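Colleague: Would you mind keeping the following structure in view while I ask a few things?
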Amino acid sequence: MRMSGAKMVIESLHKEGVEVVFGYPGGAIMNVYDEIYKQNYFEHILNRHEQACVIAAEGYARSTGKTGVAIVTSGPGFTNAITGIADAYMDSIPIVIISGQVPTTIIGTDGFQEIDAVGISRPCTKHNYLVNKIEDLPRIIKEAFHLASTGRPGPVHVDIPKDITAQIGDFIYPSEVNMPTYKPTMNYNKKQLKRAMEAISNAKKPLLYVGGGAILSNCGYEIRDLAKKLNIPAVETLMARGVMGDENPLFFGMLGMHGEYSANMAAHETDLLISLGARFDDRVTGRLDEFASKAKVIHIDIDPTSIAKLVVADYPIVGDLRLTVQAMIEDIENHEINDFSNWVELLKEYREKEPLRYIDTDDLIKPQWPIERVGKILGDNAIISTDVGQHQMWTAQFFPFSHPRQWITSGGLGTMGFGLPAALGAARAFKGTNKVVVNFTGDGSILMNIQELMTCSEYELPVINIVLNNNYLGMVRQWQTMFYENRLAETDLTAQPKFKMLAEAFNCLGYTVSTKKEFDEAFKDAVEKRKPAMIEVIVARNEEVLPMVPNGHSLNEMTLLKGDK
Amino acid sequence: MSNFNSYYNSETIRQVISVVVLNEHNVLSRIVGLFSARGYNIDSLTVAPMEDSPYSRMTIVTTGDKRVIDQIVKQLNKLIPVLKVNEHKNVIEKDTVLMKFSIDNNLADIDVIARAYHGAIQNVTHDSIIVSATDSSDRIINFIKVMEKFNPLEVVRSGIVAMER
Chain A
1 MRMSGAKMVI
11 ESLHKEGVEV
21 VFGYPGGAIM
31 NVYDEIYKQN
41 YFEHILNRHE
51 QACVIAAEGY
61 ARSTGKTGVA
71 IVTSGPGFTN
81 AITGIADAYM
91 DSIPIVIISG
101 QVPTTIIGTD
111 GFQEIDAVGI
121 SRPCTKHNYL
131 VNKIEDLPRI
141 IKEAFHLAST
151 GRPGPVHVDI
161 PKDITAQIGD
171 FIYPSEVNMP
181 TYKPTMNYNK
191 KQLKRAMEAI
201 SNAKKPLLYV
211 GGGAILSNCG
221 YEIRDLAKKL
231 NIPAVETLMA
241 RGVMGDENPL
251 FFGMLGMHGE
261 YSANMAAHET
271 DLLISLGARF
281 DDRVTGRLDE
291 FASKAKVIHI
301 DIDPTSIAKL
311 VVADYPIVGD
321 LRLTVQAMIE
331 DIENHEINDF
341 SNWVELLKEY
351 REKEPLRYID
361 TDDLIKPQWP
371 IERVGKILGD
381 NAIISTDVGQ
391 HQMWTAQFFP
401 FSHPRQWITS
411 GGLGTMGFGL
421 PAALGAARAF
431 KGTNKVVVNF
441 TGDGSILMNI
451 QELMTCSEYE
461 LPVINIVLNN
471 NYLGMVRQWQ
481 TMFYENRLAE
491 TDLTAQPKFK
501 MLAEAFNCLG
511 YTVSTKKEFD
521 EAFKDAVEKR
531 KPAMIEVIVA
541 RNEEVLPMVP
551 NGHSLNEMTL
561 LKGDK
Chain B
1 MSNFNSYYNS
11 ETIRQVISVV
21 VLNEHNVLSR
31 IVGLFSARGY
41 NIDSLTVAPM
51 EDSPYSRMTI
61 VTTGDKRVID
71 QIVKQLNKLI
81 PVLKVNEHKN
91 VIEKDTVLMK
101 FSIDNNLADI
111 DVIARAYHGA
121 IQNVTHDSII
131 VSATDSSDRI
141 INFIKVMEKF
151 NPLEVVRSGI
161 VAMER
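Line by line, the protein sequences are chains A and B. For the record, in the first sequence the residue sitting at position 44 is 44 according to the UniProt record's numbering, with numbers rising by one throughout. For the record, in the second sequence the residue sitting at position 73 is 73 according to the UniProt record's numbering, with numbers rising by one throughout.
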């Protein structure tokens with residue numbers, strides 16, 4: 001069928017089963033927007049900033065596992081989108097970003113709103129394309145969706161010049177992808193798997209070190225199964241929260257810089273570290289040469305470059321985590337596995353001795369309290385997103401996660417401003433269900449993408465934003481206190497907007513609370529009214545995220561709860 | 001976990017890598033961008049289309065310890081337009097140099113030395129001559145050193161092409 005390039009974009013998205021796109025129009029992408037106006041295949045959500053378009057697409061992808069889509073224009077539209085794209089790249093989130101470009105005749109002349117978009121996105125995308133010919137357009141979009149969602153997922157960027165979207169051509173959408181240079185290794189090597197299983201049988205203190213790959217490959221429940229069948233304890237990275245389920249008796253917490261004592265000690269003492277889709281990030285390992293220093297390493301990852309990038313893998317396995325874990329479960333009966341009960345008991349003792357805790361008060365809300373409270377009220381009905389900072393770590397520590405994809409956070413890049421647009425993407429994905437999307441944020445982070453409250457209210461996406469307000473850029477302030485002799489350079493945020501009025505100005509519900517009772521009332525009201533809301537919670541100003549492993553120290557050198565030992 | 005540095009021999013090695021890539025725009029910058037973004041060295045890079053195919057071959061000479069070389073090979077393999085990466089062990093390498101000299105030099109001497117390095121005088125004008133030589137990389141370095149006494153006006157090297165024996 002003959003049609004314009006712009007129409008081809010719409011038809012291609014339809015063929016890929018896209019149900020929602022997040023976007024922002026502009027000069028170079030107007031032909032595509034004209035076709036968006038005419039179609040009724042998918043919903044278009046107009047964010048109020050291109051960065052938020054991409055992060056909303058991420059929130060949609062992270063909460064569902066489907067590929068998210070964002071459409072932006074050339075030049076400043078595209079450069080605004082870059083932070084979101086880099087965020088998706090660092091956490092391996094499948095999204096496709098379509099950007100407008102100036103006409104091919106203008107490219108290279110510093111034309112109005114021209115920027116070398118593929119040049120800018122190259123280091124932070126899995127792959128990118130500049131469409132030079134209209135006949136390539138359907139194939140490129142097909143490839144983009146394929147690349148984004150297979151192998152190690154990631155963002156794929158397609159830049160389309162305006163004259164290409166205006167041209168008329170034959171629309172032939174390929175039924176399959178033919179890329180001889182792209183063949184991700186899905187199937188594990190059987191010999192490697194056998195050696196790894198033998199190592200497990202011979203281990204005395206094995207430990208499952210579960211990373212974000214467990215969520216990306218949708219194998220959370222298989223990993224729980226594996227842990228149970230082998231009676232092996234497990235710890236999670238920040239990105240893997242929810243995989244094991246916090247109630248699981250074999251789960252010993254999040255590890256790393258702000259990890260639990262039991263988790264970090266488990267990593268310190270294990271003799272066989274079984275890495276499942278984790279990448280040995282420096283926020284997890286602490287001093288690398290002392291991380292799991294007594295252990296051999298089984299390292300399972302779909303991305304060969306992750307293996308032996310930072311640590312020696314004694315038993316490397318390249319392959320899809322889900323297929324590999326399934327094969328491990330099936331192979332258990334062929335091995336005589338040691339009894340690891342003593343090891344599990346030891347970790348239980350650690351956990352009882354040094355549980356995660358904070359000193360609660362009644363006169364002042366401690367920032368951890370609303371997080372626990374929301375966990376108690378909503379349980380597994382909640383989808384939780386966060387911004388970046390102290391509140392993010394407290395949420396990872398204190399929210400009782402029960403299942404994969406319940407937790408949405410910016411791990412690798414640490415993008416302030418992530419929480420609200422990500423939450424609205426998730427809220428769109430679960431619109432009409434009983435899921436409640438809550439964004440825990442800080443008084444610093446929320447102002448970075450506050451304009452998305454408008455998107456929430458326009459599209460009736462009932463995100464509940466809980467602003468834990470300590471009048472500080474809390475995490476930086478914590479480091480200044482601990483490592484810079486309390487010189488609080490530019491982290492005091494005493495000058496602040498009236499958050500309640502700000503919320504109301506965007507046609508959202510607004511609350512300011514400073515007691516537990518007020519919080520309960522406000523939260524109940526927001527949940528019942530099913531409207532986007534912002535609850536400003538005045539919290540204790542100087543609370544710190546503990547425990548903490550100071551930068552450059554090993555995981556067993558933790559600062560535990562202050563004044564309570 | 002054994003110490004990472006002792007596991008890999010940390011001695012710096014020189015490695016010739018050939019990369020077969022899809023012959024499309026942007027691919028060179030992807031390769032170069034990979035090296036610059038991750039702090040790897042490129043000592044030499046040559047690229048040309050392959051006969052009767054949609055692919056090009058790049059020959060890259062790099063240096064680093066074994067761990068770095070392993071990562072370079074893996075990262076190259078990860079790039080979408082890369083078909084194949086060869087980590088060469090036993091190769092014939094050739095490097096070409098073009099050198100321009102003033103015509104006032106002793107041309108017979110220049111000619112004799114050039115021949116010793118599989119070279120020859122390529123062009124003569126009324127004020128300069130151009131000599132080329134094609135040989136292994138270290139011999140070309142030597143050749144350039146020897147020829148310095150003739151005060152070369154210009155020196156251009158091709159970078160290395162290599163083929164497994």
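The beta-carbon is built from N, C-alpha and C at its ideal position, and this holds for glycine as well. All of these numbers come straight from a predicted model, not from anything done at the bench.
Verify the CB distance criterion: does A/K565 have a CB-CB separation below 8 angstroms to chain B?
Modeller: Only weak support exists for where A/K565 lies, its pLDDT of 36 falling under 50; the coordinates are left without a value.
Colleague: Would the beta-carbon of A/N132 fall within 8 angstroms of that of A/S121?
Modeller: For A/N132 and A/S121, no; Cβs fall outside 8 angstroms.
Colleague: Express the C-alpha separation of B/V21 and A/V476 in angstroms, rounding to a whole number.
Modeller: If I take the Cα positions, the gap works out to 45 angstroms.
Colleague: Name the two residues that bound the continuous alpha helix (DSSP H) containing A/F440.
Modeller: Segment 436 to 442 is the beta strand (DSSP E) holding A/F440; no alpha helix (DSSP H) there.
Colleague: What separation, rounded to the nearest whole angstrom, lies between the Cα atoms of A/R152 and A/D163?
Modeller: If you take the alpha carbons of A/R152 and A/D163, they lie about 33 angstroms apart.
Colleague: Between A/Y315, A/M328, A/E247, which has its C-alpha nearest A/C219's C-alpha?
Modeller: Comparing Cα positions, the closest option is A/M328.
Colleague: Hey, does B/R57 have any beta-carbon neighbour from chain A nearer than 8 angstroms?
Modeller: It does not: the Cβ of B/R57 has no partner Cβ on chain A nearer than 8 angstroms.
Colleague: Less than 6 angstroms between C-beta atoms, sequence neighbours within five positions excluded: which residues of the same chain meet that for A/G242?
Modeller: Excluding sequence neighbours, A/G242 sits near F401, H403, P404, Q406, W407.
Colleague: Listing by chain order, which chain A residues have their CB less than 8 angstroms from the CB of B/E70?
Modeller: Inspection of the sequence shows that residue 70 of chain B is occupied by Asp rather than by Glu. Per Cβ cutoff of 8 angstroms: A308.
Colleague: Using a 10 Å radius around the Cβ and a threshold of 16 neighbouring Cβ atoms, would you call B/M1 buried or exposed?
Modeller: Residue placement at B/M1 is flagged as unreliable, the pLDDT there being 45, under the threshold of 50; a coordinate-derived value is accordingly withheld.
Colleague: Tell me, please, whether the CB atom of A/H553 is closer than 8 angstroms to any CB atom in chain B?
Modeller: No, no contact with chain B.
Colleague: Please classify A/L230 as buried or exposed, where buried requires at least 16 other C-beta atoms within 10 Å of its C-beta.
Modeller: Buried.
Colleague: A/K529: which of A/P547, A/I464, A/T512, A/V545 sits nearest, CA to CA?
Modeller: For A/K529, the nearest C-alpha among the options comes from A/I464.
Colleague: Using a Cβ cut-off of 7 angstroms, pull out every chain B residue sitting near A/Y182, in sequence order please.
Modeller: Those are I80, listed as they occur along chain B.
Colleague: At least one CB of chain B closer than 8 angstroms to the CB of A/L216: is that the case?
Modeller: So, not an interface residue.
Colleague: Alpha carbon to alpha carbon, how far is B/Y40 from B/I13? Give it in angstroms, no decimals.
Modeller: Using only the alpha carbons, I get a separation of about 13 angstroms.
Colleague: Which of the three DSSP states is assigned to A/A526 in this structure?
Modeller: Here A/A526 sits in helix by DSSP.
Colleague: Compute the beta-carbon to beta-carbon distance between B/N77 and B/I17, rounded to the nearest angstrom, for a pair I have assumed lies under 8 angstroms.
Modeller: With 8 angstroms as the limit, B/N77 and B/I17 do not qualify as a contact, their Cβ atoms being about 11 angstroms apart.
Colleague: Check whether chain A comes within 8 angstroms of B/M147, counting only Cβ atoms and requiring the distance to be less than that.
Modeller: It does not: the Cβ of B/M147 has no partner Cβ on chain A nearer than 8 angstroms.
Colleague: Just to confirm the assignment, what range does the beta strand (DSSP E) spanning A/E536 have?
Modeller: Run containing A/E536: 533 to 538, per the beta strand (DSSP E) assignment.
Colleague: Just to confirm before moving on: does the CB-CB distance between residue 650 of chain A and A/Q101 stay below 8 angstroms?
Modeller: Missing from the structure shown is residue 650 of chain A; chain A here goes from 1 to 565 and no further.
Colleague: For B/R14, does the three-state DSSP call read helix, strand or coil?
Modeller: Correct three-state label for B/R14: strand.
Colleague: Anything in chain B within Cβ reach of A/T83, meaning under 8 angstroms, just list it in chain order.
Modeller: None at all; the shortest Cβ gap to chain B is about 17 angstroms.
Colleague: To test your reading of the DSSP string, which unbroken beta strand (DSSP E) runs of 3 or more residues are found completely within the stretch 93 to 159 of chain A?
Modeller: With a minimum length of 3 residues, the continuous beta strand (DSSP E) runs that stay inside the stretch 93 to 159 of chain A are 95 to 101, 127 to 130.
Colleague: Which bits of chain B does A/R405 rub up against, with CB to CB less than 8 angstroms?
Modeller: Within chain B, no residue comes near A/R405; the closest Cβ sits about 26 angstroms away, beyond 8 angstroms.
Colleague: If we ignore side chains and look at the alpha-carbon of each, how far apart do A/M558 and A/S262 end up?
Modeller: The straight-line gap from Cα to Cα measures roughly 11 angstroms.
Colleague: Report the three-state DSSP secondary structure of A/Y37 (helix, strand or coil).
Modeller: DSSP places A/Y37 in helix when its eight states are reduced to three.
Colleague: For A/A429 and A/M393, what's the separation of their Cα atoms in angstroms?
Modeller: Straight-line Cα distance between these residues: approximately 25 angstroms.
Colleague: Going by CA-CA distance only, name the one from B/M58, B/L98, B/V47 that's closest to B/I141.
Modeller: Ranking the options by Cα distance to B/I141, first place goes to B/L98.
Colleague: How far does the beta strand (DSSP E) with B/E154 in it reach, from first residue to last?
Modeller: Start and end: 154 to 164.
Colleague: Cα separation between A/K7 and A/I134?
Modeller: Near 11 angstroms, if we compare the C-alpha coordinates of A/I134 and A/K7.
Colleague: Assuming contact is defined by CB atoms lying nearer than 8 angstroms, are A/A295 and A/G211 in contact in what I supplied?
Modeller: Not closer than 8 angstroms, so no.
Colleague: Restricting to Cα atoms, I'd like to know which of B/N23, B/Q75, B/I69 is closest to B/D52.
Modeller: Cα-wise, what sits closest to B/D52 is B/N23.
Colleague: Check the Cβ of B/S29 against every Cβ in chain A and list those closer than 8 angstroms, keeping chain order.
Modeller: Within chain A, the residues near B/S29 are G119, R122.
Colleague: Does B/G33 come within less than 8 angstroms of chain A when only Cβ atoms are used?
Modeller: B/G33 counts as touching chain A.
Colleague: Counting only the same chain and skipping the five closest in sequence on each side, list residues whose C-beta sits under 6 angstroms from that of A/E35.
Modeller: So the list reads A6, K7, I10, once near-sequence residues are dropped.
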